[in-house]
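**Student:** Line by line, the protein sequences give chains A and B.
So for the first sequence, the numbering used here puts the first residue at 2; every next one is plus one.
So for the second sequence, the numbering used here puts the first residue at 26; every next one is plus one.
Glycine residues also receive a C-beta, built at the ideal position from the N, C-alpha and C atoms.
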Amino acid sequence: MPDRAEGANPGGVDRAQALRSRRDREAIARLADDLLPALIAKLAASGLGEIEVREGGWKARLRKPAISEEARRMAARAVESHAAHGIAARGAVGHGRPEERDRRLRPEEEVVEEPTRVAATSPAVGIYHPRRDLAVGMRVRSGDRIGFVDVLGVHQDVVAPVDGLIGSSLAEAGEAVEYGQELVRIDLPETAADGEPGRPVGDAAAVARSV
Amino acid sequence: MFSKVLIANRGEIALRVLRACRTLGIGAVVAYSEADRDGLAAQLADEAICIGPADARRSYLSAPAIVSAAVVTGCDAIHPGYGFLAEDEGFADVVRAHGLTFIGPPAEVLACFASKEATRRLLGAHGLPTIPGSGMLRDEDHAQEEAERIGYPVLIKPSAGGGGKGMRLVRTSRELDSSFKVSRSEAKAAFGDDSLYLEKFLEDNRHVEIQVAVDRFGNAVHMGERDCSVQRRHQKLIEETPSPALSEAARQDLADRAVKAVTAAGYENLGTLEFLVDGKGDAFFIEINCRIQVEHPITELCTGIDMVALQIKIAAGEPLGMTQADVVSRGHAIEFRILAEDPARDFRPGAGQVVSYLAPGGPGVRMDSHLYPGYEIPSYYDSLLGKLCVWAPDRAGAIARGDAALRELLVDGVITNIELHRAILANQVFIDGKVTTALLDRVGSAPFVSAGIR
Numbered sequence: 002m003p004d005r006a007e008g009a010n011p012g013g014v015d016r017a018q019a020l021r022s023r024r025d026r027e028a029i030a031r032l033a034d035d036l037l038p039a040l041i042a043k044l045a046a047s048g049l050g051e052i053e054v055r056e057g058g059w060k061a062r063l064r065k066p067a068i069s070e071e072a073r074r075m076a077a078r079a080v081e082s083h084a085a086h087g088i089a090a091r092g093a094v095g096h097g098r099p100e101e102r103d104r105r106l107r108p109e110e111e112v113v114e115e116p117t118r119v120a121a122t123s124p125a126v127g128i129y130h131p132r133r134d135l136a137v138g139m140r141v142r143s144g145d146r147i148g149f150v151d152v153l154g155v156h157q158d159v160v161a162p163v164d165g166l167i168g169s170s171l172a173e174a175g176e177a178v179e180y181g182q183e184l185v186r187i188d189l190p191e192t193a194a195d196g197e198p199g200r201p202v203g204d205a206a207a208v209a210r211s212v
Numbered sequence: 026m027f028s029k030v031l032i033a034n035r036g037e038i039a040l041r042v043l044r045a046c047r048t049l050g051i052g053a054v055v056a057y058s059e060a061d062r063d064g065l066a067a068q069l070a071d072e073a074i075c076i077g078p079a080d081a082r083r084s085y086l087s088a089p090a091i092v093s094a095a096v097v098t099g100c101d102a103i104h105p106g107y108g109f110l111a112e113d114e115g116f117a118d119v120v121r122a123h124g125l126t127f128i129g130p131p132a133e134v135l136a137c138f139a140s141k142e143a144t145r146r147l148l149g150a151h152g153l154p155t156i157p158g159s160g161m162l163r164d165e166d167h168a169q170e171e172a173e174r175i176g177y178p179v180l181i182k183p184s185a186g187g188g189g190k191g192m193r194l195v196r197t198s199r200e201l202d203s204s205f206k207v208s209r210s211e212a213k214a215a216f217g218d219d220s221l222y223l224e225k226f227l228e229d230n231r232h233v234e235i236q237v238a239v240d241r242f243g244n245a246v247h248m249g250e251r252d253c254s255v256q257r258r259h260q261k262l263i264e265e266t267p268s269p270a271l272s273e274a275a276r277q278d279l280a281d282r283a284v285k286a287v288t289a290a291g292y293e294n295l296g297t298l299e300f301l302v303d304g305k306g307d308a309f310f311i312e313i314n315c316r317i318q319v320e321h322p323i324t325e326l327c328t329g330i331d332m333v334a335l336q337i338k339i340a341a342g343e344p345l346g347m348t349q350a351d352v353v354s355r356g357h358a359i360e361f362r363i364l365a366e367d368p369a370r371d372f373r374p375g376a377g378q379v380v381s382y383l384a385p386g387g388p389g390v391r392m393d394s395h396l397y398p399g400y401e402i403p404s405y406y407d408s409l410l411g412k413l414c415v416w417a418p419d420r421a422g423a424i425a426r427g428d429a430a431l432r433e434l435l436v437d438g439v440i441t442n443i444e445l446h447r448a449i450l451a452n453q454v455f456i457d458g459k460v461t462t463a464l465l466d467r468v469g470s471a472p473f474v475s476a477g478i479r
């Protein structure tokens, strides 16, 4: 990694700040790239409900939701794309772009692997057409077609990213939508029953070392 | 004139086109990828639309995404900027098929000039001296035969190319063997077209290009030349106008022949004819660029013509509105490409956050950049951070202003090549106006950097 603190303008006023933000970025990158995937795997494989890990001034906590593994993955992906749209995504710890990770992971901020509301997003820029029979409360499975986006006459499917219930519409039929725009909310079945938040299970540092 | 233009590009050129649209009083929509959400053009635009993910193949290189974005936002024209789909005749055709105008040469003109090899023959027939080269290469064996015929060293060049991608200098048959496949796959990845041809490589040449503008009624002017000899691995680093390599008479002659040849060949809109000039001052045509070029601002500084606005007007079907006598080039201008590359570490491209940014000012100084403090440079695209251009009544004055402006320019948080530019400016070969395209590659940047002003 290039040493960003040694910019082309030595003696810059923000040198110390640059160094600090570089360290933070590196810490975040380490958390997101190395630790988190391993922790997620560990969490999935173990009977644990929650793992917390600290590094420097940063803390990441993962909690396992009581939904299926695939739905969880889909949800994480969907929430990740929320994040790209500037909508608060307190949830996913997927592999977002560095700046997304930056935004999501603030010191002492919790990262909880528990999406409760996600949205189906637009696969392309075009005109949105929801399925005619789409109604709030309708049960959908991950991958179900919710509608399509007309891209110059070619239909691109809008699909449910997770199993859940159709929630409120975020775009009108016939509306021009952009890539990644949220179109329909998907409410997840109630899952947060188990585990009190804020109580790490097990010795997180030990878990982190062993992965 | 158009009512609203979709800007299908990113970085500084998206901003440049946005400024031209505003100057002309026409609306603009900036099309951006997910990675460019925080880009300055998207931030400043009255309207911006996300066309796809960071991967350019699904955003800036996706014709359906771009055209769909133009349609749903009610645009009547698309400006492709440079790179990406700027010279893609297929794209220009799709744009027209949807009732929109491609800002650039019409599709059939692009098609006519799409093959560099065919263009060389075409313009050669219209009186331009051309460099010895091959036809389109069928395979490795054909490449070997042609290289033998032309004589080493030769350049392998992608026919659809630009910006040095897929281009390789080979000096032996063995090198040709190993480089051929690499060039082919690079060309395929960069342009979606893997056709290659060979060109005789002139040692110690200079790169001089003539800027032309032709409207659809056949009115044409040239705007003089630009010397782009300061290059690293075929990437232009510093450009200046006028060229120190040509006498006034040679310059006039070359520009006149260039504009006559392209007009006769049916060219339309802005175009740049690139020439290699050898040690004796003889110029050989190598290719035409059918787009606005990165280095256009130095021509603007000397002629006072807003070239992007002119490009838009020509595409809208307006007449040129000027004759050759109206184009007066004054003084000397130099452009420095400010790149997020580390000269001390083999020009490794950098990404990251721009912690602080301060553009230089003063007489004759222009900074075209999309940077701002806090901007996170995405790692998906090229490393161009901006273009610092200076103008002065003469070359020595432009060099002095260039150095002063480079000293003022502050980009903190990412490593840049600013100091390399200063070192080149201080180098005697540059001061004497004798830089050739191979110089930086041959001596490396280290002597420049170490001898640079502290």
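#1: DSSP on A:Arg142, reduced to helix/strand/coil?
#2: Beta-carbon of B:Ser203 versus every beta-carbon of chain A: anything under 8 Å?
#3: By how many angstroms is the C-alpha of B:Ala168 removed from the C-alpha of B:Gly52?
#4: Could you give the residue range of the alpha helix (DSSP H) that holds B:Lys206?
#5: Taking CB distances under 8 Å as the criterion, tell me whether A:Ala125 reaches chain B.
#6: Tell me which residue opens and which closes the beta strand (DSSP E) that B:His167 is part of.
#7: Is the Cβ of B:Val415 closer than 8 Å to any Cβ of chain D?
#8: With 16 as the cutoff for other CB atoms within 10 Å, does B:Gln236 come out buried or exposed?
#9: Looking at the unbroken alpha helix (DSSP H) that takes in A:Gln157, where does it start and where does it end?
#10: Considering only residues of the stretch 378-413 of chain B, which uninterrupted beta strand (DSSP E) runs meet the minimum length of 3 residues and lie entirely inside it, listed in chain order?
#11: With burial defined as no fewer than 16 other Cβ atoms inside 10 Å of the residue's Cβ, what is the status of B:Pro418: buried or exposed?
#12: For the 8 Å Cβ check, are there 3 or more pairs between the stretch 461-474 of chain B and the stretch 221-231 of chain B?
#13: Ordered along the chain, which non-local residues of its own chain (more than five positions away) have a Cβ less than 6 Å from that of B:Ala88?
#14: Alpha helix (DSSP H) containing B:Met332: first to last residue?
#15: Would you identify the three-state DSSP class for A:Val163, choosing helix, strand or coil?
#16: Ignoring anything shorter than 3 residues, give me the beta strand (DSSP E) runs that lie fully in the stretch 287-333 of chain B, in order along the chain.
#17: DSSP three-state call for B:Val436: helix, strand or coil?
#18: Using CA coordinates, which residue listed in B:Leu147, B:Gly152, B:Leu153 is at the minimum distance from B:Gly160?
#19: Give me, in chain order, the residues of the same chain whose beta-carbon lies closer than 6 Å to that of B:Pro130; leave out the 5 immediate sequence neighbours on both sides.
#20: Output needed in chain order: residues of the stretch 104-129 of chain B with a Cβ under 9 Å from some Cβ in chain A.
#21: Over what stretch of residues does the beta strand (DSSP E) that includes B:Thr266 continue unbroken?
#22: My assumption, with CB atoms under 8 Å, is that B:Leu435 sits in contact with B:Ser394. Please give the rounded CB distance.
#23: Report the residues of the stretch 145-167 of chain A with a CB closer than 8 Å to any CB of chain B, ordered along the chain.
#24: Between which two residues does the beta strand (DSSP E) containing B:Arg355 stretch?
#25: Which of the three DSSP states is assigned to B:Glu444 in this structure?
#26: Please list, in chain order, the chain B residues whose beta carbon lies closer than 7 Å to that of A:Gly181.
#27: Where A:Ala121 and A:Val185 are concerned, what is the direct C-alpha to C-alpha distance, given to the nearest angstrom?
#28: Quick one: is B:Pro472 buried, meaning 16 or more other Cβ sit within 10 Å of its Cβ, or exposed?
#29: Report the CB separation of B:Phe536 from B:Ala185 in whole angstroms; it is logged as a contact under 8 Å.
#30: Distance, Cα to Cα, A:Ile68 vs A:Arg132?
#31: Short check: CB of A:Pro124 to CB of A:Val159, under 8 Å?
#32: For the beta strand (DSSP E) holding B:Gln236, just list the boundary residues, first then last.
#33: Tell me whether A:Pro66 is buried or exposed, calling it buried when 16 or more other Cβ atoms sit within 10 Å of its Cβ.
#34: Assuming B:Arg35 and B:Asp61 make a contact with CB atoms under 8 Å, what is their CB distance in whole Å?
#35: Verify the CB distance criterion: does B:Ala33 have a CB-CB separation below 8 Å to chain A?
#36: Once the 5 residues before and after B:Leu40 are set aside, which same chain residues still bring their CB inside 6 Å of it?
**Tutor:** Let me spell this out:
#1: Here DSSP, grouped into helix, strand and coil, assigns A:Arg142 to coil.
#2: No, no contact with chain A.
#3: Distance between B:Gly52 and B:Ala168, taken at the CA atoms: about 49 Å.
#4: Looking at the DSSP string, the run of the alpha helix (DSSP H) that includes B:Lys206 is 198-216.
#5: Flagged as an interface residue toward chain B: A:Ala125, by a C-beta distance shorter than 8 Å.
#6: That residue, B:His167, is in no beta strand (DSSP E); its alpha helix (DSSP H) goes 165-175.
#7: This model lacks chain D altogether; the protein chains it does include are A and B.
#8: It counts as buried.
#9: A:Gln157 -> not in any alpha helix (DSSP H); beta strand (DSSP E) instead, spanning 155-160.
#10: Inside the stretch 378-413 of chain B, DSSP marks whole beta strand (DSSP E) runs of 3 or more residues at positions 381-383, 390-394, from first to last along the chain.
#11: By the Cβ-count criterion, B:Pro418 is exposed, with fewer than 16 other Cβ atoms from all chains shown falling within 10 Å of its own Cβ.
#12: Yes, the stretch 461-474 of chain B is in contact with the stretch 221-231 of chain B.
#13: Here the set comprises Phe116, Val119.
#14: Element bounds for B:Met332: 332-340.
#15: Residue state for A:Val163 is assigned as coil, using DSSP reduced to three classes.
#16: 294-302, 308-314, all fully within the stretch 287-333 of chain B.
#17: When DSSP states are grouped into helix, strand and coil, B:Val436 belongs to the strand group.
#18: Comparing alpha-carbon positions, the option among B:Leu147, B:Gly152, B:Leu153 lying closest to B:Gly160 turns out to be B:Leu147.
#19: Around B:Pro130: Glu293, Asn294, Cys315.
#20: Under the 9 Å Cβ criterion, the stretch 104-129 of chain B contributes Val119, His123.
#21: Going by DSSP, B:Thr266 is part of the beta strand (DSSP E) stretching over 260-266.
#22: Not confirmed; about 12 Å, so no contact.
#23: Within the stretch 145-167 of chain A, the qualifying residues are Val152, Leu153, Val155.
#24: DSSP places B:Arg355 outside any beta strand (DSSP E), giving it a letter other than H or E.
#25: DSSP places B:Glu444 in helix when its eight states are reduced to three.
#26: Residues of chain B passing the Cβ test: Glu59, Cys75.
#27: Spanning the two alpha carbons is a distance of roughly 5 Å.
#28: Burial check for B:Pro472: the Cβ neighbour count within 10 Å stays below 16, so the residue is exposed.
#29: There is no way to answer for residue 536 of chain B, as the model of chain B reaches only from 26 to 479.
#30: Residue placement at A:Ile68 is flagged as unreliable, the pLDDT there being 42, under the threshold of 50; the coordinate-derived value follows with that caveat. Roughly 26 Å between the two C-alpha positions.
#31: Going by C-beta atoms, A:Pro124 is nearer than 8 Å to A:Val159.
#32: For B:Gln236, the enclosing beta strand (DSSP E) stretches over residues 231-239.
#33: With a pLDDT of 46 at A:Pro66, under the threshold of 50, the predicted position of this residue should be treated as unreliable, though the coordinate-derived value follows. It counts as buried.
#34: B:Arg35 to B:Asp61, Cβ: 5 Å. Contact.
#35: It does not: the Cβ of B:Ala33 has no partner Cβ on chain A nearer than 8 Å.
#36: Leu65, Ala66, His395, listed in sequence order.
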